[in-house]
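Q:
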Amino acid sequence: MASWVSRGVWALGGAGSSSLWAHGFVVNANCNGPNSPLIGSDKIPQCGEIALSFGGADGLAAQGMSCGNGQNQQATARSMHDGGVHALFVDSSVHFIGDYVDIIGAGNPDDATWDPSVWDRMNLSKDGELVENDMY
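Reading the sequence shown from the start, the letters are residues 2 to 137 in the working numbering.
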């Protein structure tokens, strides 16, 4: 990426920098899962300029860094590593999360019918559910 792009900048507040925001289920399903390949997935400032520097949305998607214009509404975990992302967990451990982790939940998160995906469960706090290492 270009030096002026804020994606991946450590400790810069906002989606697409050093944090995962609105991980995809509720806000917009096109931003679900690590390294989401869908065009327009991360809603971040300067997406248009970023895309132009890579030949448009398709060129940016080929880099694995899709985005859509927005004001920091959502961004998934991204990495230039092949096959996934490294993620820091709240217990200070670091894990490699594969691009093909289960992202398909079922039901409605607003009621008792919801059966969250592995990705959803990894992003929930205080739900009492464990995610075993072999699930990602």
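We put the CB at the ideal spot given by N, CA and C, even for glycine.
Pull up the distance between the alpha-carbon of residue 83 and that of residue 42, whole angstroms please.
A: Here residue 83 refers to the residue found at position 82 when the sequence shown is read from its first residue. Here residue 42 refers to the residue found at position 41 when the sequence shown is read from its first residue. Linking residue 83 to residue 42 through their CA atoms gives a straight-line distance of about 19 Å.
Q: Excluding five sequence neighbours on each side, which residues of the same chain lie with their C-beta closer than 6 Å to the C-beta of residue 68?
A: On the sequence shown, position 67 is the one that residue 68 refers to. Contacts found: 43, 45, 48.
Q: Can you confirm whether the segment 30–39 touches the segment 101–110 when touching is taken to mean that 3 or more C-beta pairs between the two stretches lie within less than 8 Å?
A: yes
Q: Would residue 107 and residue 96 qualify as a contact pair, given that the criterion is a beta-carbon distance under 8 Å?
A: As a working note, residue 107 is residue 106 in the sequence shown. As a working note, residue 96 is residue 95 in the sequence shown. No. Outside cutoff.
Q: What separation, rounded to the nearest whole angstrom, lies between the Cα atoms of residue 114 and residue 74?
A: As a working mapping, residue 114 is identified with position 113 in the sequence shown. As a working mapping, residue 74 is identified with position 73 in the sequence shown. Answer to the nearest angstrom: the Cα atoms are 26 Å apart.
Q: Work out the CA separation of residue 61 and residue 91 for me, nearest whole Å.
A: Along the sequence shown, read from residue 1 onward, the residue named residue 91 stands at position 90. Along the sequence shown, read from residue 1 onward, the residue named residue 61 stands at position 60. C-alpha separation (whole angstroms): 31 Å.
Q: Does the beta-carbon of residue 78 have 16 or more other beta-carbons within 10 angstroms, so that it is buried, or is it exposed?
A: Position 77 of the sequence shown holds residue 78. Counting Cβ neighbours within 10 Å, residue 78 comes out buried, since at least 16 surround it.
Q: Using a threshold of 8 Å, state whether the C-beta atoms of residue 94 and residue 86 are closer than that.
A: The residue you call residue 94 lines up with position 93 of the sequence shown. The residue you call residue 86 lines up with position 85 of the sequence shown. No, these two residues do not count as a Cβ contact at 8 Å.
Q: Start and end of the beta strand (DSSP E) containing residue 68?
A: Start at 1 with the first residue of the sequence shown, and residue 68 comes out as number 67. Unbroken beta strand (DSSP E) run through residue 68: 68–70.
Q: Do you know offhand how far residue 55's Cα is from residue 129's?
A: Sequence index remark: in the sequence shown, residue 55 carries index 54 (1-based). Sequence index remark: in the sequence shown, residue 129 carries index 128 (1-based). The straight-line gap from Cα to Cα measures roughly 43 Å.
Q: For the beta strand (DSSP E) that contains residue 61, what are its first and last residues?
A: Taking the sequence shown and counting its residues from 1, one reaches residue 61 at position 60. Note, residue 61: premise wrong, no beta strand (DSSP E); alpha helix (DSSP H) at 58–63.
Q: Given a threshold of 16 other Cβ atoms within 10 Å of its Cβ, counted over all protein chains shown, does residue 63 qualify as buried or as exposed?
A: By one-based count along the sequence shown, residue 63 stands at place 62. The residue in question, residue 63, is exposed, as its Cβ has fewer than 16 Cβ neighbours within 10 Å.
Q: Look up residue 84 in the DSSP assignment and say whether it is helix, strand or coil.
A: Taking the sequence shown and counting its residues from 1, one reaches residue 84 at position 83. DSSP places residue 84 in coil when its eight states are reduced to three.
Q: Give me the residue from 66, 131, 125 with the minimum Cα distance to residue 40.
A: For the purposes of this step, residue 40 is taken as residue 39 along the sequence shown, with counting starting at 1. Among 66, 131, 125, the Cα nearest to that of residue 40 belongs to 66.
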